[in-house]
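Novice:
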Amino acid sequence: MRICITGTPGTGKSTISKLIPGKSIDLNEFARENGCLKGYDRKRRVRVVDIQCLKEKLRDLNDAILVGHYSHLLDCHIVIVFRTNPSILEKRLRERNYTQEKIRENMEAEALGIITQEALELCRNVYEIDTTSSDEGKILNIIEKIIEGKGEEYRAGNIDYTEEILKWY
141 MRICITGTPG TGKSTISKLI PGKSIDLNEF ARENGCLKGY DRKRRVRVVD IQCLKEKLRD
201 LNDAILVGHY SHLLDCHIVI VFRTNPSILE KRLRERNYTQ EKIRENMEAE ALGIITQEAL
261 ELCRNVYEID TTSSDEGKIL NIIEKIIEGK GEEYRAGNID YTEEILKWY
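If you want the numbering used here, it's the 1-based position in the sequence shown plus 140.
1. Using 8 Å as the Cβ pair cut-off and three pairs as the minimum, do the segment 234 to 246 and the segment 282 to 302 touch?
2. Could you tell me if Ser164 is buried or exposed, where buried requires 16 or more neighbouring beta carbons within 10 angstroms of its beta carbon?
3. Considering only the alpha carbon of each residue, which of Ile218, Leu233, Ile305 lies closest to Val266?
4. At the level of alpha carbons, what is the spacing between Glu258 and Glu250?
5. What's the gap between the Cα of Lys278 and the Cα of Gly152?
6. Please name the residue in Asp181, Ile254, Tyr210, Arg223 whose C-alpha comes closest to that of Gln192.
7. Note down the Cα distance separating Leu159 from Val207, rounded to an integer number of angstroms.
8. Where do the ends of the alpha helix (DSSP H) carrying Glu248 lie?
9. Let's see if you can read the secondary structure: which residues bound the beta strand (DSSP E) around Arg142?
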């Protein structure tokens, strides 16, 4: 089964994936190592990943956990979207020295649930985990429940941060 863990930068994907034994693949690293980068966006200061290249390189890999903020764009049996309150996300991204523009872009994407919406367009089995509290053990337990088919209460649509936007104006 191919499980994709996705979410806005700063929601805890890398932190949690390091705690999952064996099968998790960091897609940023995988893209770099397998020639799936197609340029650099100077304005946003990010490398551009070739999703089609990733799909081809991962085609025969069915039993894995793919981790990255674009993993939901790949062929997934289950998508788990990590969600974080935008005000907490802002603090995390500041600690990473993101530009103010990039922080705002990610906060807006998180508040609007953009990644969840994209995932729902591509996959039937989409779940959300609120990672605001950063309780790693709890997050790992929820992932396990979802994989075992016992995570219905985590189906996409239960986390809503749109009210956060009102605080910004």
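Built from N, CA and C at the ideal position, the CB exists for glycine as well.
Specialist: For this structure:
1. no
2. buried
3. Ile218
4. 12 Å
5. 13 Å
6. Tyr210
7. 12 Å
8. 240 to 252
9. 142 to 147
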